[in-house]
Amino acid sequence: MNEVTLTQLLQHLDAKRPVVLVTNLDTNEQRLLGRGEGASDAEQEQVLLALSEDRCAVVEEPGASPLFFQPFNPPLRLVIVGAVHIAQALSTMATVAGYEVTVVDPRQAFTESERFSGVSTDTRWPDEALADLGLDSRVAVVTLTHDPKLDDPALEVALRSDAFFIGSLGSRKTHAARTHRLTKAGFTEAEVSRIRGPVGLAIGSRTPEEIAVSILAQIVETLRVASG
Numbered sequence: 611m612n613e614v615t616l617t618q619l620l621q622h623l624d625a626k627r628p629v630v631l632v633t634n635l636d637t638n639e640q641r642l643l644g645r646g647e648g649a650s651d652a653e654q655e656q657v658l659l660a661l662s663e664d665r666c667a668v669v670e671e672p673g674a675s676p677l678f679f680q681p682f683n684p685p686l687r688l689v690i691v692g693a694v695h696i697a698q699a700l701s702t703m704a705t706v707a708g709y710e711v712t713v714v715d716p717r718q719a720f721t722e723s724e725r726f727s728g729v730s731t732d733t734r735w736p737d738e739a740l741a742d743l744g745l746d747s748r749v750a751v752v753t754l755t756h757d758p759k760l761d762d763p764a765l766e767v768a769l770r771s772d773a774f775f776i777g778s779l780g781s782r783k784t785h786a787a788r789t790h791r792l793t794k795a796g797f798t799e800a801e802v803s804r805i806r807g808p809v810g811l812a813i814g815s816r817t818p819e820e821i822a823v824s825i826l827a828q829i830v831e832t833l834r835v836a837s838g
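Next up, the structure:
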C-alpha cells in the first residue's frame with residue numbers, strides 16, 4: 611500500500627467511515643471505495659456486500675483482472691438507554707459478541723452500580739449523550755427505561771442518525787403511544803417505522819436474561835440478514 615492510500619485509509623478510520631480497499635491482483639493498483647462507489651453496478655454491489663458481511667472476497671470476471679475486496683468497518687457499537695436489569699445482561703452479552711457498549715442513564719445511582727463494571731457509562735441526558743456519541747451505520751440503539759422523558763429524546767436523536775438498528779422496550783400499547791408522540795414531534799410514519807417495538811425477537815422470553823438474548827438476536831439479524 612502506498613503512502614497516499616494509507617493516509618486516506620487512516621482518515622476514513624479516524625472518521626469512522628466504512629470503506630473497502632479494492633486491489634487489482636494483476637497490477638497491484640489499489641482504490642478506496644465507500645457505499646455507492648465503484649466503476650460499475652457490480653462493483654458497487656460488491657462493495658456493499660463486503661461491508662455488510664464484514665468479510666474479504668476475491669471477485670473474478672471473464673476478461674478482467676481479479677479484484678480483492680477488503681472491508682474496513684468502524685467498530686460495532688451498542689448504545690443502551692436505561693441502566694436496568696435487562697441492560698446488565700444485554701451489555702455483557704453484546705460485549706462478548708464484539709460490540710463496544712455504552713449504557714446511558716442520568717440516574718447515577720443506577721450506572722454507578724458494579725453491575726456495569728467494564729462497560730462505558732454516561733450519566734448525561736440521553737439526547738445529549740447520543741448526539742455526542744456520533745451514531746453511524748455501525749451503531750445499534752436500544753431504549754429500556756419505559757420512561758418517555760428518557761426514551762423519547764434518545765429515539766429522536768437515533769431516528770435522525772444512520773444507526774442500523776433502533777429498538778425500544780415496551781408492550782404494543784406502549785409502542786403505539788410512543789409512535790403517536792414521535793409523529794406529533796414531526797417524524798414521518800416511515801421514519802418512526804425504523805423503531806423495533808416491542809424490541810426483540812418473539813421467542814417467548816420472560817426473564818431479563820432471556821429478553822436480552824432476544825434483543826441481541828434481533829440486532830444480529832438486522833446487521834447480518836436484513837442489511838445483507
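Position one of the sequence shown corresponds to residue 611 (my numbering), numbered consecutively onward. Glycine residues also receive a C-beta, built at the ideal position from the N, C-alpha and C atoms.
It is roughly 43 angstroms from the alpha-carbon of V809 to the alpha-carbon of N634.
Under the three-pair Cβ rule at 8 angstroms, the region 796–804 does not count as touching the region 677–697. The DSSP-derived three-state label of F678 is strand. The beta carbon of L826 sits closer than 7 angstroms to the beta carbons of L700, M703, A704, A707 from its chain, once the five residues preceding and following it are set aside; these are given in chain order. Residues Q656, L659, A660, F678, F679 of the same chain have their beta carbon placed closer than 8 angstroms to that of A667, with the five preceding and five following residues left out of the count.
For T789, the three-state secondary structure derived from DSSP is helix. A residue is called buried once 16 or more other Cβ atoms fall within 10 Å of its Cβ, and P736 is buried on that count.
Distance from the CA of D746 to the CA of E710, rounded to the nearest whole angstrom, comes to 13 angstroms. Residue environment for A652: exposed (fewer than 16 other C-beta atoms within 10 angstroms of its C-beta). Taking one beta carbon from each stretch, the region 727–742 and the region 758–776 have 3 or more pairs nearer than 8 angstroms; the two touch.
DSSP places T832 in no alpha helix (DSSP H); its state is neither H nor E. Remark: three or more beta-carbon pairs, one from each stretch, lie closer than 8 angstroms, so the region 772–780 and the region 749–760 are flagged as touching.
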